[in-house]
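Residue numbers (my numbering), protein chains in the order written: chain Z, 964 to 1161; chain S, 964 to 1161. Here a beta-carbon is modelled for each residue, glycine too, at the ideal position from N, C-alpha and C.
2 protein chains.
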Amino acid sequence: MKILLIGAGGTLGTAVHKSLAARGHDVLTVGRSSGDLRCDVSDPAQVTELYARAGRVDAVVGAAGHTPFKPLAELTPEDYLAAFHGKVLSQIDLVRQGVPHVAERGSFTLISGVLAREPIPTGSAASMANGALEAFVRAAAIEIAPQRINAVSPTVFTESLDRYGDFFPGMPPVDLADVAQAYVRSVEGAQTGQIYVP
Amino acid sequence: MKILLIGAGGTLGTAVHKSLAARGHDVLTVGRSSGDLRCDVSDPAQVTELYARAGRVDAVVGAAGHTPFKPLAELTPEDYLAAFHGKVLSQIDLVRQGVPHVAERGSFTLISGVLAREPIPTGSAASMANGALEAFVRAAAIEIAPQRINAVSPTVFTESLDRYGDFFPGMPPVDLADVAQAYVRSVEGAQTGQIYVP
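Here is the structure:
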């Protein structure tokens, strides 16, 4: 399949790229400052241009999203808006604009995260964003069929424990390779409206 | 208890008001164009003024939220932003600004809805908003304790079947009086971080 991979240069995107390429897929890498195609997906005009340049694809895979982390008392309306733009609206726009460019039974796979269901202190904007994304995926699935849409919702990566482990005490981490397999499952499988928890 | 009820003039707010008053509570009604105190909760400055005028309260109860309904292909980024402001950020701001004004073991009860988990066509912005709100509630609960926060997430009201029933084929409706009891449960109970499905 021809697959558009957004956030290909990141920790997760690199692992997803490796797994999809190993499965024989033709992966077009997308990033803000690296990759086959450059795009800031939080800018709708750049998303329009991205799809125009990519041509018809079989799958769109999102592996990038940004949300601020601060104690609830310090989070401002602007912080929540930044989380909404950085992880929710940017990925919704990939779907909204992508529908005409994706194959009839093609798919979208978006990135969510464990904070949708398991909160941590300083994570309320991230929780909000992940909850929004997952509910959107369930809703979009029934409207874009036979195109498909799923989310991958991992906990902290084993490979990132040094940096983020203290935020997830006692929570089992997940290997990046297993998260990447959830993307493979979404891209090559037939389900839709699913939230895969690798 | 002294309770601030936002959206008191609406279909749901009227039922919640009746149930809380019947339990002997002192309910301060809030609305954009009616009620004891006037406030457009989507405007942070008006929320600041609302809390200044209300004084210390034991509970803040939200019964108002607005999201656009359109087919996915017609929803624009502006529509998703309107849903975010109209149901998510407005209620988050009630919490963010309300914490210093609510009693130590007081509570916030926000309004979500069935579309967070059961999507319908034209409802992807509403689903997104409800999913965001519910995840925020779970996250805020662990940071504002011993203050509490819950959401009420009803399906279509029995009393609104004439107007909205066609959007919820085969889904059991819920009586407004039962939804109002979920608010009573949140306000007078001791749980936090819960999504009550009446």
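Tell me, please, whether the segment 1129-1145 of chain Z touches the segment 1065-1078 of chain S by the rule of three or more beta-carbon pairs shorter than 8 angstroms. In short, these stretches do not touch, since the Cβ pair count stays below three.
S/Ala-1079 CB to nearest heavy atom of the ligand PLP below 6 angstroms: You won't find the ligand PLP in this model; it holds no ligand whatsoever.
Kindly indicate which three-state DSSP category Z/Asp-1042 falls into: helix, strand or coil? DSSP places Z/Asp-1042 in helix when its eight states are reduced to three.
Between S/Leu-1139 and S/Phe-1120, what straight-line distance do the alpha-carbon atoms span, to the nearest angstrom? Using only the alpha carbons, I get a separation of about 6 angstroms.
Cutoff 8 angstroms; reference S/Arg-981; Cβ partners in own chain excluding five residues on either side: First, the amino acid is wrong: residue 981 of chain S is Lys here, not Arg. Ala-1143.
Any chain C beta carbon closer than 7 angstroms to Z/Arg-1019: No chain C appears in this structure, whose protein chains are Z and S.
Using a Cβ-Cβ cut-off of less than 9 angstroms, give me the residues of the segment 1034-1047 of chain Z that come near chain S, in sequence order. From the segment 1034-1047 of chain Z, only Pro-1034, Leu-1035, Ala-1036, Leu-1038, Thr-1039, Pro-1040, Tyr-1043, Leu-1044 and Phe-1047 have a Cβ closer than 9 angstroms to chain S.
Using CA atoms only, rank isn't needed, just tell me which of Z/Gly-1086, Z/Thr-1085, Z/Pro-1084 and Z/Ala-1079 is closest to S/Met-1091. Of the candidates Z/Gly-1086, Z/Thr-1085, Z/Pro-1084 and Z/Ala-1079, the one whose C-alpha sits nearest the C-alpha of S/Met-1091 is Z/Ala-1079.
C-alpha gap between Z/Leu-1096 and S/Leu-968, whole angstroms: Taking the straight line from one Cα to the other gives about 29 angstroms.
Near Z/Gly-1094, which residues of its chain fall below 7 angstroms by C-beta distance, leaving aside the five closest residues on each side in sequence? Annotation for Z/Gly-1094: Ala-1079 place their beta carbon closer than 7 angstroms to its own, counting only its chain and skipping 5 residues before and after.
Determine whether the Cβ of S/Pro-1084 lies closer than 7 angstroms to any Cβ atom of chain Z. Under the Cβ distance rule, S/Pro-1084 counts among the residues neighbouring chain Z, one pair being separated by less than 7 angstroms.
If you draw a straight line from the C-alpha of S/Pro-1084 to the C-alpha of S/Leu-1035, how long is it? Taking the straight line from one Cα to the other gives about 8 angstroms.
Residue range of the unbroken beta strand (DSSP E) whose run includes Z/Ala-1114: If you look at Z/Ala-1114, you'll find it in the beta strand (DSSP E) that goes 1111-1115.
Residues of the segment 1122-1136 of chain Z whose Cβ lies closer than 7 angstroms to any Cβ of chain S, in chain order: Correct list: empty, as no residue qualifies.
Please report the Cβ distance between S/Val-990 and S/Cys-1002, rounded to the nearest whole angstrom; I am assuming they are in contact, meaning their Cβ atoms lie under 8 angstroms. In this structure S/Val-990 does not touch S/Cys-1002 by the C-beta definition: roughly 15 angstroms separates them, more than the 8 angstroms allowed.
Whole-Å CB distance - S/Leu-1038 paired with S/Ala-1088, under 8 angstroms assumed: Indeed, because the Cβ distance is near 6 angstroms, the residues count as touching under 8 angstroms.
Between S/Ala-1053 and S/Val-1004, is the Cβ-Cβ spacing less than 7 angstroms? Per the sequence shown, residue 1053 of chain S should be read as Ser rather than Ala. In contact: S/Ser-1053 and S/Val-1004 (Cβ atoms closer than 7 angstroms).
For Z/Ile-966, which residues in the same chain have their Cβ closer than 8 angstroms to its Cβ, ignoring the five residues on either side in sequence? Once the five neighbours on either side are set aside, the close Cβ partners of Z/Ile-966 are Leu-983, His-988, Asp-989, Val-990, Leu-991, Val-1020, Asp-1021, Ala-1022, Val-1023, Val-1024 and Val-1150.
Flag this pair as yes or no: are the beta carbons of Z/Leu-970 and Z/Ala-1027 separated by less than 7 angstroms? The identity of residue 970 of chain Z in the sequence shown is Gly, whereas the question assumes Leu. Taking 7 angstroms as the cut-off, the beta carbon of Z/Gly-970 is found closer than this to the beta carbon of Z/Ala-1027.
Would you verify that the beta carbon of S/Ile-1074 is, or is not, closer than 7 angstroms to some beta carbon of chain Z? For S/Ile-1074, the answer is no, since every Cβ of chain Z falls outside 7 angstroms of its Cβ.
7 angstroms Cβ shell around S/Gln-1009 - same chain, five flanking residues per side excluded: Answer for S/Gln-1009: Cys-1002 and Asp-1003, listed in chain order.
For Z/Gly-1025, decide whether its Cβ has a neighbour in chain S, counting only Cβ atoms nearer than 7 angstroms. Chain S, which has no Cβ nearer than 7 angstroms to the Cβ of Z/Gly-1025, makes this no.
Less than 7 angstroms between the C-beta atoms of Z/Ile-1055 and S/Tyr-1043, yes or no? Yes, Cβ-Cβ distance for Z/Ile-1055 and S/Tyr-1043 is below 7 angstroms.
Can you tell me whether Z/Phe-1131 is helix, strand or coil according to DSSP? In the three-state reduction of the DSSP assignment, Z/Phe-1131 falls in the coil class.
So Z/Pro-915 and Z/Thr-1118 are supposed to be a Cβ contact under 8 angstroms. How far apart are they, rounded? Beyond the ends of chain Z as shown, which are 964 and 1161, falls residue 915 of chain Z; an answer cannot be given.
Cutoff 7 angstroms: Z/Glu-1097 Cβ touching any chain S Cβ: At least one chain S Cβ lies under 7 angstroms of Z/Glu-1097.
Would DSSP call Z/Gly-970 helix, strand or coil? The answer is coil: DSSP assigns Z/Gly-970 none of H, G, I, E or B.
Give the residues from the segment 1093-1117 of chain Z that approach chain S closer than 8 angstroms (Cβ to any Cβ), ordered along the chain. Those residues of the segment 1093-1117 of chain Z placed with their C-beta closer than 8 angstroms to a C-beta in chain S are Asn-1093, Gly-1094, Ala-1095, Leu-1096, Glu-1097, Ala-1098, Phe-1099, Arg-1101, Ala-1102, Ala-1103, Ala-1104, Ile-1105, Glu-1106 and Ile-1107, ordered along the chain.
When you compare each of S/Val-1160, S/Asp-1141 and S/Ala-1153 to S/Glu-1067 by their alpha carbons, which one comes out closest? Out of S/Val-1160, S/Asp-1141 and S/Ala-1153, S/Ala-1153 has the C-alpha closest to the C-alpha of S/Glu-1067.
Considering Cα atoms alone, identify which of S/Asp-1006, S/Ser-1116 and S/Asp-1141 is closest to S/Val-1077. Of the candidates S/Asp-1006, S/Ser-1116 and S/Asp-1141, the residue whose Cα lies closest to the Cα of S/Val-1077 is S/Ser-1116.
Suppose the cutoff is 7 angstroms on Cβ atoms and the five residues either side in sequence are ignored; what does the same chain contact list for S/Gly-973 look like? Same-chain partners within the cutoff: Ala-1026 and Ala-1027.
Starting from Z/Gly-1061 and walking both ways along the alpha helix (DSSP H), at which residues does that stretch end? Looking at the DSSP string, the run of the alpha helix (DSSP H) that includes Z/Gly-1061 is 1053-1061.
Z/Thr-1011 versus S/Pro-1161: straight-line alpha-carbon distance, rounded: Their Cα atoms are separated by approximately 42 angstroms.
Looking at chain S, is there any beta carbon in it that lies within less than 7 angstroms of the beta carbon of Z/Ala-1140? In terms of beta-carbon proximity, Z/Ala-1140 stays away from the interface with chain S, with every pair separated by 7 angstroms or more.
Can you tell me which of Z/Ile-1107, Z/Val-1100 and Z/Glu-1081 puts its alpha carbon nearest to the alpha carbon of S/Phe-1099? Taking S/Phe-1099 as reference, the option from Z/Ile-1107, Z/Val-1100 and Z/Glu-1081 with the minimal CA-CA separation is Z/Glu-1081.
In whole angstroms, give me the CA-to-CA distance for S/Asp-1006 and S/Gly-1049. Taken atom to atom, the span from the alpha-carbon of S/Asp-1006 to that of S/Gly-1049 is near 10 angstroms.
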